[in-house]
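First up is the structure itself, then whatever we jot down about it.
Protein chains: 2
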Amino acid sequence: MKRSVIGEIAEYIAEELKQVEIILNENLHSAIKVIPELSRYILESGGKRFRPMLTLLSARLCGYNGYAACVAGAVVEYIHTATLLHDDVVDESDRRRGRLAARKIWGNQASILVGDFLFARSFWLMTEYLPEEALAIISKACVSLAEGEIHQLVKSFDINTSEEDYYAIIYGKTAALIAASCEVGAVLASNGNREALRRYGREIGYAFQISDDILDIVGDPGKTGKPVGNDFREGKVTLPLIYALRDATSEEKRHIRDLLLAESISYDDFGYVREVILKYNGVEKARERVKEHGMRAVEAIKGFDNSKEKEYLIGIAEFLVEREY
Amino acid sequence: MKRSVIGEIAEYIAEELKQVEIILNENLHSAIKVIPELSRYILESGGKRFRPMLTLLSARLCGYNGYAACVAGAVVEYIHTATLLHDDVVDESDRRRGRLAARKIWGNQASILVGDFLFARSFWLMTEYLPEEALAIISKACVSLAEGEIHQLVKSFDINTSEEDYYAIIYGKTAALIAASCEVGAVLASNGNREALRRYGREIGYAFQISDDILDIVGDPGKTGKPVGNDFREGKVTLPLIYALRDATSEEKRHIRDLLLAESISYDDFGYVREVILKYNGVEKARERVKEHGMRAVEAIKGFDNSKEKEYLIGIAEFLVEREY
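Residue numbers (the working numbering), protein chains in the order written: chain A, 1 to 325; chain B, 1001 to 1325.
Below is the structure:
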């Protein structure tokens, strides 16, 4: 069951998710054709709608299942999509979700500006349909998002990236928006426990990002759809490597630093990096973190009465802990 | 007096403008040093605070002169600054306001992400201090901004850019935010005439952008601080050229198109373009438009009682009509 919890949830809230898709689609109208074209290209490229799902489940858990939750779901997906567009420009990525990155088709310039459009459109949508608190939650998350991305940029290619840096980066780039996605669901209910859902979302965000970073090292490309070693090649020093470097010999550390700074590295080179990470149990230790964050996420919402929604939110935490793709 | 109306206004509302500077400065706090560094570099590079001025005067004209107007002024300046950062990346500009563009110092990546930060910070500030209507006004303006920039991108290097295209572009990239800067001032007053100030701001925005585009062709670099022909070199077909091309011979049009599409053009080449523009009175006709928009701006606020604020707002319109730098 774990492996398909996302699919089960998608069925359970199928109608709301359909509404989210309609909202996502309807608000791309523009006289400038490239806006809906580029936006749809990335929106339709197999995103799992993970954030809208969390918003909808959080709202329902707190007793709200109206239209505003669908708008909020669409808003967090727009914002996430805007950051993907800007990320791909910043990282000079050629591919995204198994397809060409939008910037390879429409160019960096259009990717930057359509990202700006989606960001602005999100705020406009919120002013139309959502309460003021929702705007405060989301705008703060957007500040964190930008900070996280900039922090990551500053620390890229830095072999001395610390665990503290890493956590600050992933809080900003991932956990903040996922926490906001959950919290915003709670504020739509008249008496929702915002704090609990914010904490749940933050822990889920950590678990999600760390497991993603693990898969970038030991994932099966056949399952994940992407080659391993992407992060390292982009200069990102992630948790498994940070843990391994603590115990690595200075010889190993020096070699890895040289590879990190090299113009380009081969798959064999990354094989060496992976070997060192595994030798010092970097992946294992990072997996421990994922487990901890998963447990804390479950802990955060234990006060809620039992319900299908609660079960699914717990299921998401368990799914991330056991995630293999 | 006309030439120094901006200076006079700056003195008249010096205290509020000082408050705006404090807000601009205080909200750049971040653990990531590059955020305040890069932001301050561009914020302190000689911007005239034209938009905050309009917000403050508009609010005062409608009878409000409290702190929220200073916040609103800071917000529109942040948003303007964010778009400058993204513009410089999109246009690959090397210089801005007589200094190196931020992207030449901190790189494109940081410029994109700090732009995102300023944008997000603006919305957060609004949720803290401004009424809901302000958020609606500003977020719509941000959508128009992105649309205008994308429209400009799509039409760049297109010799067939029409007057209609041009107006849609400058509405989005300039007039929409200036209109919002004025309207947002009005909504802070309990009974402000939003519609009048929005119209005033839109016309001022048109006048401002068209006069800017004229200066790019016939301005005195010693006064404007930038060389002529920048727009043409960046592929922007602006109003004076659009007007001239209507009457130009097919030979002249073909030559100008070739120059527009050329890898690089010399100052002599731009001299040819300017000659053709002047020969067919392109600048003169565009100046007529500036005059019209200036008059319409004055017309929009004629219903207000006489006041220093009204006098200054009219002064701004007159200043733009006679602008030489």
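Beta carbons are placed, not taken as given, at the ideal position from N, Cα and C, and that holds for glycine.
Closer than 7 Å at the C-beta level to chain A, one finds these residues of the segment 1101–1112 of chain B: 1109, 1110 and 1112. Across the set 153(A), 180(A), 233(A) and 191(A), the C-alpha of 180(A) shows the shortest separation from the C-alpha of residue 204(A). Where residue 1036(B) is concerned, the enclosing alpha helix (DSSP H) starts and stops at 1034–1043.
The Cβ atoms of residue 118(A) and residue 78(A) lie closer than 8 Å to each other.
Bridge pairing for residue 1095(B): 1100(B) [DSSP].
Residue nearest to residue 152(A) within the set 1299(B), 1113(B) and 1243(B) is 1113(B) (criterion: CA-CA distance).
Inclusion of residue 1200(B) and residue 1120(B) in the CB contact set at 8 Å is not warranted, their separation being larger than that value. A straight line joining the alpha-carbon of residue 64(A) with that of residue 32(A) spans about 36 Å. At a cut-off of 8 Å, the C-beta of residue 174(A) has no neighbouring C-beta in chain B.
Residues of chain B whose Cβ lies closer than 7 Å to the Cβ of residue 30(A) are, in chain order, 1147.
Residue-level contact check: residue 127(A) touches chain B, since one or more beta carbons of chain B fall below 8 Å from its beta carbon. Excluding the 5 residues flanking it on each side, residue 252(A) has same chain C-beta neighbours closer than 6 Å at 276, in chain order.
When only Cα atoms are considered, residue 1108(B) and residue 116(A) end up about 15 Å apart. Contact annotation: the segment 214–222 of chain A does not touch the segment 93–104 of chain A, with fewer than three C-beta pairs closer than 8 Å.
In chain order, 86 and 146 make up the part of chain A whose C-beta sits under 7 Å from the C-beta of residue 1116(B). Exposure of residue 162(A) is indicated by the presence of fewer than 16 other C-beta atoms within 10 angstroms of its C-beta. For residue 29(A), no alpha helix (DSSP H) run applies, since DSSP gives it neither H nor E. By the neighbour-count criterion, in which a residue is buried when 16 or more other Cβ atoms sit within 10 angstroms of its Cβ, residue 168(A) is buried.
Contact annotation: the segment 127–140 of chain A touches the segment 1129–1143 of chain B, with at least three C-beta pairs closer than 8 Å. For the pair of segments examined, the segment 207–214 of chain A was found not to touch the segment 249–265 of chain A: the number of CB pairs separated by less than 8 Å stays below three. Between residue 240(A) and residue 282(A), the C-beta spacing is below 8 Å. Chain-ordered, the chain B residues with CB closer than 8 Å to the CB of residue 142(A) read 1116, 1119, 1120, 1123 and 1124. Residue 1147(B) and residue 307(A) have their C-alpha atoms roughly 44 Å apart. The beta carbons of residue 1171(B) and residue 1144(B) sit closer together than 8 Å. When DSSP states are grouped into helix, strand and coil, residue 1291(B) belongs to the helix group. Straight across, the Cα-Cα distance linking residue 1127(B) with residue 1166(B) is about 34 Å.
For residue 1195(B), the enclosing alpha helix (DSSP H) stretches over residues 1194–1218. DSSP, reduced to helix, strand and coil, places residue 304(A) outside both helices and strands of the structure shown, so it counts as coil. For residue 90(A), the closest Cβ of chain B is nearer than 8 Å. The contact set of residue 1162(B) on chain A, defined by CB atoms closer than 8 Å, is empty, because the minimum CB distance reaches about 13 Å. Taking 8 Å as the cut-off, the beta carbon of residue 1110(B) is found no closer than this to the beta carbon of residue 1042(B). Rounded to whole angstroms, the gap between the alpha carbons of residue 291(A) and residue 51(A) is 20 Å.
Residue 1151(B) has a beta carbon lying within less than 8 Å of a beta carbon in chain A. Residue 1230(B): member of the alpha helix (DSSP H) spanning 1230–1233, first to last residue. For residue 1049(B), the secondary structure class from DSSP, reduced to helix, strand or coil, is coil.
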